[in-house]
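What follows is one structure encoded as structure tokens, with my remarks underneath.
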Amino acid sequence: MRFFVFKTPKPKSFTYIPRYYDPDKLALEQKKAAMGLDSTLTHHEQIRLQMSRRWRRGSSAREGTSMSKVITYAIYATLILGSVYLIMFTDFIERLLSAFGVTH
Numbered sequence: 051m052r053f054f055v056f057k058t059p060k061p062k063s064f065t066y067i068p069r070y071y072d073p074d075k076l077a078l079e080q081k082k083a084a085m086g087l088d089s090t091l092t093h094h095e096q097i098r099l100q101m102s103r104r105w106r107r108g109s110s111a112r113e114g115t116s117m118s119k120v121i122t123y124a125i126y127a128t129l130i131l132g133s134v135y136l137i138m139f140t141d142f143i144e145r146l147l148s149a150f151g152v153t154h
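If you read the sequence shown in the working numbering, its first letter stands for residue 51, the second for the next number, and so on.
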């Protein structure tokens, strides 16, 4: 007969009930809920559907802001490249310094 000092616990079990997922049925239920017809969606699922619709609608508004960002970046790049050109390839800085009386 064996004598154990420590008792090992039994593995924990869980109850899992598999559910069948039908994407066509889900899409049909969402369309019914969007049109306001009788559907089996819960209140929570209906709110989730409304939120996803609103977020998708808001994404089109954000696309317009991305175009304005591109224009802003193009203006900044033009200003930076123009100032680099003035400093490196013209005598603009020398004339500016001589106008203020600074000589080198």
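For every residue, glycine included, the Cβ atom is placed at its ideal position computed from N, Cα and C. Since this is a predicted model, take the numbers as computed values, not measurements.
For the 8 Å Cβ check, are there 3 or more pairs between the stretch 78-89 and the stretch 97-105? Yes, since at least three Cβ pairs between the stretch 78-89 and the stretch 97-105 fall closer than 8 Å, the two stretches touch.
Got a sec, what are the start and stop residues for the alpha helix (DSSP H) L76 sits in? It spans P73 to M85 - the alpha helix (DSSP H) in which L76 sits, taken as one unbroken run.
If you draw a straight line from the alpha carbon of M117 to that of E79, how long is it in whole angstroms? When rounded, the distance between both Cα atoms is 36 Å.
Distance check for F139 and Y126, CA to CA, integer angstroms please. Here the alpha carbons of F139 and Y126 stand approximately 20 Å from one another.
Neighbourhood of Q96 by C-beta, 7 Å cutoff - its chain only, sequence neighbours within 5 removed: The answer, listed in chain order, is A83.
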